[in-house]
Amino acid sequence: MTASSSAIRDHYGAPAPTRAAALPAPTRARFEPRAPHPADRGDPVRLEDGRLLRLRPIRAGDAAALQRAFRRLSPEEVRMRFLHVLTTLSDSAAARLCDIDWEREAAFVLADDAPPERAEIRGVARIYVDAVTESAEFAVLVEHAWTGLGLGALLMTQLIRECRRRGLRELWGYVLVENHRMLELCEELGFARSLVPGDAATVKVALAL
Numbered sequence: 001m002t003a004s005s006s007a008i009r010d011h012y013g014a015p016a017p018t019r020a021a022a023l024p025a026p027t028r029a030r031f032e033p034r035a036p037h038p039a040d041r042g043d044p045v046r047l048e049d050g051r052l053l054r055l056r057p058i059r060a061g062d063a064a065a066l067q068r069a070f071r072r073l074s075p076e077e078v079r080m081r082f083l084h085v086l087t088t089l090s091d092s093a094a095a096r097l098c099d100i101d102w103e104r105e106a107a108f109v110l111a112d113d114a115p116p117e118r119a120e121i122r123g124v125a126r127i128y129v130d131a132v133t134e135s136a137e138f139a140v141l142v143e144h145a146w147t148g149l150g151l152g153a154l155l156m157t158q159l160i161r162e163c164r165r166r167g168l169r170e171l172w173g174y175v176l177v178e179n180h181r182m183l184e185l186c187e188e189l190g191f192a193r194s195l196v197p198g199d200a201a202t203v204k205v206a207l208a209l
């Protein structure tokens with residue numbers, strides 16, 4: 001799950017704006033929910049081989065597609081993403097991951113450019129916002145067959161843009177030390193690494209926004 005920074009710039013154009021130097025808006029205003037319109041089809045993402053995906057906000061109706069995507073993951077991919085063994089994604093868990101509270105989190109998917117009932121999710125990224133610390137924890141997953149195409153970088157850049165839009169100060173996450181692709185991507189995007197006390201198998205990566 002690696003990609004060049006030039007590919008990110010080519011997709012989004014100019015770099016995302018940084019936080020303004022003026023006094024920030026009240027916390028309530030900066031963290032108010034801004035749920036996307038259900039009809040938002042997102043942005044087209046065309047791969048070099050001609051395949052077309054859509055980068056869009058997750059929807060409540062994505063639960064079945066999310067479960068299908070989970071079933072296509074190997075046990076090792078699940079462990080890399082969730083940091084522990086998870087064998088199934090229940091109906092209730094899938095519904096919770098798709099019908100989210102946009103005030104406290106955000107989630108985006110890369111899905112086939114197909115009618116909702118036939119679209120398959122190839123990648124998903126989300127943040128969990130802590131309004132007190134003005135930071136967000138991230139999670140990103142790209143289906144194995146779709147890795148190496150720059151989609152992980154695309155999803156991470158979307159999360160960075162969302163965090164900056166909300167006026168957050170930091171984006172961070174935990175990554176297994178053996179997850180070299182994710183660590184390389186985070187390094188390319190400017191994340192700093194730090195040790196996790198008492199856990200030699202995990203590192204924390206953080207990006208100051």
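First residue of the sequence shown: 1, per full-length UniProt numbering; consecutive thereafter. Each residue gets a CB set at the ideal place from its N, CA and C atoms; glycine is no exception. Nothing here was measured: the structure is a model prediction, and the numbers come from that model.
I need the boundaries of the beta strand (DSSP E) containing Gly-173, first residue and last residue. 170-176
Tell me Asp-43's beta-bridge partners as DSSP assigns them. Leu-55
From what residue to what residue does the beta strand (DSSP E) around Asp-112 run? Start and end: 105-112.
So what's Phe-70 in DSSP terms, helix, strand or just coil? helix
Grouping DSSP H, G and I as helix and E and B as strand, with all else coil, what is Leu-209? coil
What does a CB cutoff of less than 6 Å around Glu-162 pick up in its chain, not counting 5 residues either side in sequence? Ala-106
Using 9 Å as the threshold, is the C-beta distance between Ser-135 and Leu-168 below it? yes
Nearest to Leu-151 (by Cα), restricted to the options Glu-170, Ala-111 and Asp-101: Looking at the Cα atoms, Ala-111 is the closest of the given residues.
Looking at the structure shown, is Arg-122 part of a helix, part of a strand, or coil, going by DSSP? Three-state result, Arg-122: strand.
Arg-72 and Ala-145 - do their beta-carbons sit closer together than 9 Å? yes
CB of Leu-141 within 9 Å of CB of Ala-125, strictly: yes
Can Asn-179 be considered in contact with the ligand ZN, in the sense that its beta carbon sits closer than 8 Å to one or more heavy atoms? Although the ligand ZN was asked about, the structure shown includes no ligands whatsoever.
Val-78 - DSSP class collapsed to helix/strand/coil: helix
Straight-line CA distance for Cys-186 to Ile-58? 23 Å
Chain-order list of residues whose beta-carbon lies under 8 Å from that of Leu-189 (same chain, five-residue window excluded): Ser-5, Ala-153, Met-156, Thr-157, Ile-160 and Leu-207
Starting from Ala-93, trace the alpha helix (DSSP H) both ways and give me its first and last residue. 91-98
Using DSSP's beta-bridge definition, name the partner residues of Asp-130. DSSP lists Ser-135 as partners of Asp-130.
Pick helix, strand or coil for Leu-189, following the three-state DSSP scheme. DSSP, read as helix, strand or coil, puts Leu-189 in coil.
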